[in-house]
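First residue of the sequence shown? That's 2 in my numbering, and the numbers climb one at a time after it. Every residue, glycine too, gets a C-beta built ideally from N, C-alpha and C.
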Amino acid sequence: MTEDDLLGVPREFLNAAVLIDDELFWGQPVEQAVDELAEPSEFEISSDSELAAKPSQSSESKIDAEKVVDGFSDLGLVCATYRWSEGHSTFPNSSDKADLIILDWKLNDTEAVGTTAVKFLNDRLKQDLEGKRRLRYIVIYTDKPMAGVIGKLSDELSVPAGISLVANENSVEIREDNGPSLWRILYQSKTATEESALAKAVLLDFANFLNGLLPRAVMAGVAELRNRTFEHLYRFNKSVDPAVASHLLAKRSSKLEFPAAQDAFAEFVVGLIVNDFSDALHGSNMLRETASAQAVADHLSTDDGVKLRHNKLEVDATSDQFQTLVLEPDHSNFLNTAQAVFNLTPDKAAKTFSDGRNPMEFASVDDTQYAALSSIDLMSNYPRAVSDQYQLKSGVIVQAENEHNGSQRYLICVQPICDSVRLSADSERPNRFPFVELIEVEPTKKFSFVVKVDGSFVYLMTRYKVSELHMASFVASGTTGDVRTVVDGTNRIFVDIAGKPYRWISELKELYSIDLQNKLSSQANRIGSNKFEWLRARSG
Numbered sequence: 002m003t004e005d006d007l008l009g010v011p012r013e014f015l016n017a018a019v020l021i022d023d024e025l026f027w028g029q030p031v032e033q034a035v036d037e038l039a040e041p042s043e044f045e046i047s048s049d050s051e052l053a054a055k056p057s058q059s060s061e062s063k064i065d066a067e068k069v070v071d072g073f074s075d076l077g078l079v080c081a082t083y084r085w086s087e088g089h090s091t092f093p094n095s096s097d098k099a100d101l102i103i104l105d106w107k108l109n110d111t112e113a114v115g116t117t118a119v120k121f122l123n124d125r126l127k128q129d130l131e132g133k134r135r136l137r138y139i140v141i142y143t144d145k146p147m148a149g150v151i152g153k154l155s156d157e158l159s160v161p162a163g164i165s166l167v168a169n170e171n172s173v174e175i176r177e178d179n180g181p182s183l184w185r186i187l188y189q190s191k192t193a194t195e196e197s198a199l200a201k202a203v204l205l206d207f208a209n210f211l212n213g214l215l216p217r218a219v220m221a222g223v224a225e226l227r228n229r230t231f232e233h234l235y236r237f238n239k240s241v242d243p244a245v246a247s248h249l250l251a252k253r254s255s256k257l258e259f260p261a262a263q264d265a266f267a268e269f270v271v272g273l274i275v276n277d278f279s280d281a282l283h284g285s286n287m288l289r290e291t292a293s294a295q296a297v298a299d300h301l302s303t304d305d306g307v308k309l310r311h312n313k314l315e316v317d318a319t320s321d322q323f324q325t326l327v328l329e330p331d332h333s334n335f336l337n338t339a340q341a342v343f344n345l346t347p348d349k350a351a352k353t354f355s356d357g358r359n360p361m362e363f364a365s366v367d368d369t370q371y372a373a374l375s376s377i378d379l380m381s382n383y384p385r386a387v388s389d390q391y392q393l394k395s396g397v398i399v400q401a402e403n404e405h406n407g408s409q410r411y412l413i414c415v416q417p418i419c420d421s422v423r424l425s426a427d428s429e430r431p432n433r434f435p436f437v438e439l440i441e442v443e444p445t446k447k448f449s450f451v452v453k454v455d456g457s458f459v460y461l462m463t464r465y466k467v468s469e470l471h472m473a474s475f476v477a478s479g480t481t482g483d484v485r486t487v488v489d490g491t492n493r494i495f496v497d498i499a500g501k502p503y504r505w506i507s508e509l510k511e512l513y514s515i516d517l518q519n520k521l522s523s524q525a526n527r528i529g530s531n532k533f534e535w536l537r538a539r540s541g
């Protein structure tokens with residue numbers, strides 16, 4: 002991958018940077034005005050200690066803002082500059098939305114150097130962790146030694162429980178425990194990196210840091226939506242406002258629909274926009290290129306080749322062999338390469354790689370990585386909370402006490418969506434919800450779902466049998482006409498009419514929820530009969 006290829010998607014993804022420094026000048030350095038020149042006295046000689054106490058201002062600490070801005074402009078990015086002064090106590094609002102924040106280490110500090118910068122970073126980190134936990138990419142651009150900067154960041158950045166701070170040689174990463182990075186703080190030397198070269202140096206580090214197949218695909222997706230913003234705005238223009246408002250009025254015209262009309266209206270509007278976004282992403286050439294077989298070959302092949310696994314046998318494939326396995330359009334050529342890589346006979350290779358039941362894989366992949374990807378695929382990563390409450394409906398997975406032995410067990414709700422709304426709030430007529438029992442199994446066994454619970458993956462299996470249905474009764478909210486969670490410490494729970502708690506764990510994506518209903522209904526439709534045994538056995 003060339004440097005231009007590496008920077009291509011990040012340049013589309015990133016939008017704006019902000020540079021904060023107390024010694025910015027534009028084009029020409031600003032010299033301090035001198036009112037009067039005094040004749041030096043031959044009898045006034047400064048001591049070494051006085052010289053140490055009053056160091057001369059280094060020209061290396063000054064920054065030509067014009068060169069920095071031009072460097073970003075050449076790459077297609079906007080860069081704002083903010084000159085920090087002694088009178089400033091808060092950082093600019095432009096830093097809230099900036100994709101890149103470039104920060105001087107010494108900002109008119111009256112205490113130890115770096116104090117103001119660390120205070121800003123701690124304030125911003127606190128806001129980010131309390132909000133959306135967005136990725137921040139921050140660059141400390143300074144003439145101060147790297148070891149001191151990284152050391153102070155490691156010692157004085159405040160991270161709460163569940164968040165880790167990892168110090169590297171030239172950077173600090175803040176990430177969720179066993180999770181993704183939330184922040185990256187990179188050290189850049191003013192003496193080693195000139196202002197005109199800063200933008201490219203920062204973008205290259207950003208690109209290398211997130212140079213993965215899926216990260217680049219996410220960046221391409223976000224960039225695609227940003228580039229098509231006005232298309233979406235034009236399509237959903239205000240001329241259709243009366244029609245969409247009439248949809249809400251129609252919902253409120255029905256006594257049955259009235260309690261949940263506002264939520265249903267919001268869901269309708271969100272669905273329209275989400276589907277439009279989805280269509281844009283599915284039709285995006287930029288996104289498809291980042292998720293292509295060529296992208297797999299580019300990102301995962303190395304000069305030393307790759308290590309592959311098949312039937313627990315790990316072998317080394319050359320870069321050319323891997324490229325063929327990923328890109329070759331002719332299956333016979335693919336088969337010949339697979340045969341050579343795994344040292345199989347032609348017949349064995351043809352049989353092994355004909356039906357996909359025994360596929361090859363990367364030797365470095367393990368069950369935890371498969372589980373993480375499966376969980377992302379299966380579960381809603383942004384479950385729909387209304388007024389900070391979750392609704393009980395099909396696909397919701399809960400944890401509840403087993404009435405037989407008191408242990409905890411998992412259940413999945415299979416109540417159709419249409420029977421989860423417009424419910425009676427009469428406690429004399431509680432609403433019955435069906436659940437299918439989920440059996441927790443080891444990852445080496447067969448399982449249906451992978452759920453992350455309290456930071457660990459849990460593997461759950463169901464047989465989709467009607468005989469394993471569990472019924473529970475709930476009183477619906479009189480305001481919303483559905484069953485919603487209440488807060489119980491750090492958990493969200495549904496409470497049945499007997500006061501038994503059902504802890505909300507996760508929620509299946511709509512596609513998998515529909516699949517669950519279909520499999521359950523197909524099992525319910527089975528008809529048993531006393532067939533002639535010989536014919537039953539022969540017919541399978």
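Quiz item: Taking the alpha-carbon positions, what's the R423 to L257 distance?
Solution: 6 angstroms
Practice problem: Have a look at D543 and K120 and give me their C-alpha separation to the nearest angstrom. | Solution: Because the chain here runs from 2 to 541, residue 543 falls outside it and cannot be looked at.
Quiz prompt | Spatial distance of S96 from Y83 (CA atoms) | solution = 10 angstroms
Quiz prompt | Bounding residues of the alpha helix (DSSP H) (the contiguous stretch that carries E511) | solution = 511 to 525
Quiz item: So what does T143 bridge to, in DSSP terms?
Solution: S190
Quiz prompt | Own chain partners of Q58 with C-beta closer than 7 angstroms, once the 5 adjacent residues on each side are dropped | solution = In this predicted model, Q58 has a pLDDT of only 46, less than 50, meaning its place in the structure is not dependable enough to derive any value.
Quiz item: Do I175 and L126 come within 8 angstroms of each other at the CB atom, strictly closer than that value?
Solution: yes
Practice problem: Would you decide whether S240 is buried or exposed? Buried here means 16 or more other CB atoms lie within 10 Å of its CB. | Solution: exposed
Practice problem: May I ask you to report which of helix, strand or coil DSSP gives Q295? | Solution: helix
Practice problem: Using the Cα positions of A17 and S74, report the straight-line distance between them to the nearest angstrom. | Solution: 10 angstroms
Quiz item: Counting pairs of Cβ atoms below 8 angstroms between the stretch 368 to 375 and the stretch 466 to 482, do you hit three or more?
Solution: no
Exercise. Taking all protein chains shown into account, decide if R430 is buried (16 or more other Cβ within 10 angstroms of its Cβ) or exposed.
Key: exposed
Practice problem: Would you decide whether F14 is buried or exposed? Buried here means 16 or more other CB atoms lie within 10 Å of its CB. | Solution: buried
Self-check item: Close beta carbons around F237, own chain, < 8 angstroms, minus the five adjacent residues each side
Solution: L273, I274, D277
Practice problem: Could you name the residues of the same chain whose beta carbon sits closer than 7 angstroms to that of Y138, not counting the 5 residues immediately before and after it, in chain order? | Solution: D100, L101, R185, F207
Quiz prompt | T338 beta carbon less than 8 angstroms from that of T325 | solution = yes
Practice problem: Look at G434 and F475 and say whether their C-beta atoms are less than 8 angstroms apart. | Solution: A small fix is needed here, since residue 434 is Phe in this sequence, not Gly. Contact: yes.
Quiz item: In or out: G115 buried (at least 16 other Cβ within 10 Å) or exposed?
Solution: buried
Quiz item: Looking at C-beta atoms only, is the number of pairs between the stretch 241 to 256 and the stretch 316 to 331 that lie closer than 8 angstroms three or more?
Solution: no
Exercise. Starting from the N-terminal side, write out each stretch of the alpha helix (DSSP H) that is 4 residues or longer and does not extend beyond the stretch 316 to 394.
Key: 320 to 328, 332 to 343, 347 to 353, 368 to 379
Practice problem: Would you please state the rounded distance, in angstroms, between the beta carbons of K252 and A265? I believe it to be under 8 angstroms. | Solution: 6 angstroms
Quiz item: Taking Cβ positions, are L8 and L187 nearer each other than 8 angstroms?
Solution: no
Quiz item: Taking DSSP as the reference, what is the three-state secondary structure of L25?
Solution: strand
Self-check item: Supposed contact pair V316 and F343 - C-beta distance, whole angstroms, cut 8 angstroms
Solution: 6 angstroms
Quiz item: For the stretch 197 to 281, which segments carrying the alpha helix (DSSP H) assignment without a break, of at least 4 residues, lie completely within its bounds, in sequence order?
Solution: 214 to 228, 230 to 236, 242 to 253
Exercise. Would you mind stating whether F450 and V442 have Cβ atoms separated by less than 8 angstroms?
Key: no
Quiz prompt | Of the residues L288, S190, E170, the one placed nearest L226, counting alpha carbons only | solution = L288
Exercise. Could you pull out every residue in the same chain whose Cβ sits closer than 8 angstroms to the Cβ of L521, ignoring the five residues on either side in sequence?
Key: V415, V437, Y465, V467
Exercise. Can you say whether K394 is buried or exposed, counting buried as having 16 or more other CB atoms within 10 angstroms of its CB?
Key: buried
Exercise. Return the first residue and the last residue of the beta strand (DSSP E) that D129 is part of.
Key: Counting along the chain, D129 falls outside any beta strand (DSSP E), though it belongs to the alpha helix (DSSP H) covering 116 to 131.
Self-check item: Beta-carbon spacing of E67, G28 below 8 angstroms
Solution: yes
Quiz item: Beta carbon of Q189, beta carbon of A168: below 8 angstroms?
Solution: no
Quiz item: Taking the DSSP output, what are the residues bridged to W505?
Solution: V399
Quiz item: Does DSSP classify R464 as helix, strand or coil?
Solution: coil
Quiz item: In its own chain, which residues sit with a C-beta less than 6 angstroms from the C-beta of S165, not counting the 5 before and 5 after it?
Solution: R176, D178
Quiz item: With 16 other CB atoms within 10 Å as the buried threshold, where does S47 fall?
Solution: Because S47 sits at a pLDDT of 40, beneath the cut-off of 50, its placement in the model cannot be relied upon, and the following sentence gives the value as read from the coordinates. By the 10 Å Cβ count, S47 comes out exposed.
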